[in-house]
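Participant: Read in order, the letters of the sequence shown are residues 88 to 449 in this note's numbering.
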Amino acid sequence: MIHLDIPLGLAWMWALLVSLFAVPSIIYIAHLKNMLDTPNGRTVHQSLTPRLGGVAVFAGFMSALTIFAPLQNGAKELLAGCIILFFVGLKDDLVGMSVSKKFVGQLLATGIVMIMADVRITSFQGILGVGALPVGISYAFTLGVIVGITNAINLIDGLDGLAGTIVLIICSTFGYYFYVYGGPGYSNYSYVAVCLMGGLLGFLRYNFHRAPIFMGDTGSLVCGFIVSVLAIQFIEMGLRVGQPFGSASPSVAVGILFVPLFDTIRVFSLRMLAGRSPFSPDKNHIHHRILAMGFQQISTVLLLGLLNVLVILFVIRFASLGNTVLIAALAGFSALLSIFFGVYQSRISRRQLMAAESSKLA
88 MIHLDIPLGL
98 AWMWALLVSL
108 FAVPSIIYIA
118 HLKNMLDTPN
128 GRTVHQSLTP
138 RLGGVAVFAG
148 FMSALTIFAP
158 LQNGAKELLA
168 GCIILFFVGL
178 KDDLVGMSVS
188 KKFVGQLLAT
198 GIVMIMADVR
208 ITSFQGILGV
218 GALPVGISYA
228 FTLGVIVGIT
238 NAINLIDGLD
248 GLAGTIVLII
258 CSTFGYYFYV
268 YGGPGYSNYS
278 YVAVCLMGGL
288 LGFLRYNFHR
298 APIFMGDTGS
308 LVCGFIVSVL
318 AIQFIEMGLR
328 VGQPFGSASP
338 SVAVGILFVP
348 LFDTIRVFSL
358 RMLAGRSPFS
368 PDKNHIHHRI
378 LAMGFQQIST
388 VLLLGLLNVL
398 VILFVIRFAS
408 LGNTVLIAAL
418 AGFSALLSIF
428 FGVYQSRISR
438 RQLMAAESSK
448 LA
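(1) Between Phe211 and the rest of its own chain, which residues show a CB-CB distance below 6 Å, the 5 nearest in sequence each way excluded?
(2) Short check: CB of Ala117 to CB of Leu139, under 7 Å?
(3) In terms of residues, what are the limits of the alpha helix (DSSP H) holding Tyr263?
(4) Would you call the CB atoms of Phe349 and Ser421 closer than 7 Å?
(5) So, helix, strand or coil for Thr450, using DSSP?
(6) Start and end of the alpha helix (DSSP H) containing Gln383?
(7) Does the distance from the CB of Gly306 to the CB of Asp180 come in under 7 Å?
(8) Closest to Asn371 by C-alpha separation, out of Arg353, Thr387, Ile233, Ala162, would be which residue?
(9) For the candidate residues Leu123, Tyr226, Leu104, Leu417, whose alpha-carbon lies nearest to that of Phe301?
(10) Once the 5 residues before and after Phe148 are set aside, which same chain residues still bring their CB inside 6 Å of it?
(11) Tell me the rounded alpha-carbon separation between Lys163 and Met201.
(12) Where does Ala156 fall in DSSP's three states?
(13) When you compare only the Cα positions, how much space is there between Ile89 and Leu95?
(14) Measuring only the C-alpha atoms, how far is Gly176 from Asn121?
(15) Is the beta carbon of Leu230 less than 7 Å from the beta carbon of Thr197?
(16) Go through the stretch 350-414 residue by residue and report every complete run of the alpha helix (DSSP H) that reaches 4 residues or more, in order.
(17) Can you tell me the Cα-Cα spacing of Asp244 and Ala250, whole angstroms?
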């Protein structure tokens, strides 16, 4: 695999430099044309800020991938899906777009990789006693996985540098295993991971607090879509290649994606329990709860990044225990985290109420 080293390094460097040099121009044009995001009750930022950072990420990723990567085994179709989601996100960032129209764009992108490249989850690998999936169920489940992960990354993009950092951690993990164990069927996905990592690193140079530019839906939808395909191919690699984790690859993939999946499942559950639409926006994401504890933005991003890394190390270390034990452990840990945030939120609410009553009495 030594022959991959130089092209991989060049792909990473190309994506990094394109993104790095594109961001200042995008910031300048966005301010010149007044293409800025206005703060509101749900946002953390307090000033007008461009939301087009995803343009730089996508430019670095797409150009590096098409120049250096072997575009077989579904990589070409992945790129086609990314182009669709790029324009969906770009329109949403510039003029806004309804949830239903964004969903149609996601369905189209997903259909391309599923139907034209046959990128799908073909087996549960023993989870709940289920093995190979019927073709119809395989397509339906894969659709849910891709759309779910794409939106999970989109939803966690709420702090400076957060989505970029989490995606960087996820891609570096998947990319390593594709590079070492992928073989002829999956090693080209190490290029996909490395090209996205380069684009993100160039963008993150400008995206940490106080960020002069945000990723926007242009970036988060594309990043989420790429991550979802990497996750599916990682699971299938475990089934077909038998490496690195064999039948435990589904639970390991869930662990690698822990922070965005936990956040999405948690906020959707809370919204539905409150009788609201799961897509109704609020400030109840995991990063909002950590900020409410008194942490600064950079500390919150680093804390969530560390949490994701620790969960990844856990599932890798104990992959031999199998899917059932790992998923049960992740579910238990998620429940404990949810209880912790709920109790802490209740205490904060009581303190605020007491403070408000004290001010009235004064």
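Heads up, the beta-carbon is just placed ideally off N, CA and C, and yes, glycines get one too.
Facilitator: Looking at the atomic coordinates:
(1) Here residue 211 refers to the residue found at position 124 of the sequence shown. Annotation for Phe211: Val217 place their beta carbon closer than 6 Å to its own, counting only its chain and skipping 5 residues before and after.
(2) Locating residue 117 in the sequence shown gives position 30, counting from the first residue. Locating residue 139 in the sequence shown gives position 52, counting from the first residue. Their beta carbons are under 7 Å apart, which means Ala117 touches Leu139 by this criterion.
(3) Here the question's residue 263 lines up with position 176 in the sequence shown. From DSSP, the alpha helix (DSSP H) with Tyr263 extends over 249-268.
(4) Looking up residue 349 in the sequence shown gives position 262. Looking up residue 421 in the sequence shown gives position 334. Yes. Within cutoff.
(5) As displayed, the chain neither begins before 88 nor continues past 449, which places residue 450 out of reach and without an answer.
(6) Here residue 383 corresponds to residue number 296 of the sequence shown, with the count starting at 1. Gln383: not part of any alpha helix (DSSP H); DSSP gives it neither H nor E.
(7) Against the sequence shown, residue 306 aligns to sequence position 219. Against the sequence shown, residue 180 aligns to sequence position 93. Going by beta carbons, Gly306 and Asp180 fall outside the 7 Å limit.
(8) To locate residue 371, count along the sequence shown from 1; it is residue 284. It is Arg353 whose Cα lies nearest to the Cα of Asn371.
(9) As a first step, residue 301 must be located in the sequence shown, where it is residue number 214. Ranking Leu123, Tyr226, Leu104, Leu417 by Cα distance to Phe301 puts Leu123 first.
(10) Counting from one through the sequence shown, the residue named residue 148 turns up at place 61. Closer than 6 Å at Cβ, skipping near neighbours: Ala102, Cys282, Leu283, Gly286.
(11) Position 76 of the sequence shown holds residue 163. Position 114 of the sequence shown holds residue 201. In this structure, the CA atom of Lys163 is about 12 Å from the CA atom of Met201.
(12) Counted from its first residue, the sequence shown places residue 156 at position 69. Ala156: coil per DSSP, three-state reduction.
(13) Here residue 89 refers to the residue found at position 2 when the sequence shown is read from its first residue. Here residue 95 refers to the residue found at position 8 when the sequence shown is read from its first residue. Confidence at Ile89 is low in this model, with a pLDDT of 44, below 50, so the placement of that residue should be treated as unreliable; the coordinate-derived value is given next. One C-alpha to the other measures close to 10 Å.
(14) For the purposes of this step, residue 176 is identified with residue 89 of the sequence shown, where counting begins at 1. For the purposes of this step, residue 121 is identified with residue 34 of the sequence shown, where counting begins at 1. Computed Cα separation, rounded: 18 Å.
(15) Position 143 of the sequence shown, counting from 1, holds the residue named residue 230. Position 110 of the sequence shown, counting from 1, holds the residue named residue 197. Contact flag set, yes.
(16) Taking 4 residues as the shortest admissible run, the stretch 350-414 contains the following complete alpha helix (DSSP H) segments, listed from N- to C-terminal end: 373-379, 384-404.
(17) Taking the sequence shown and counting its residues from 1, one reaches residue 244 at position 157. Taking the sequence shown and counting its residues from 1, one reaches residue 250 at position 163. The straight-line gap from Cα to Cα measures roughly 5 Å.
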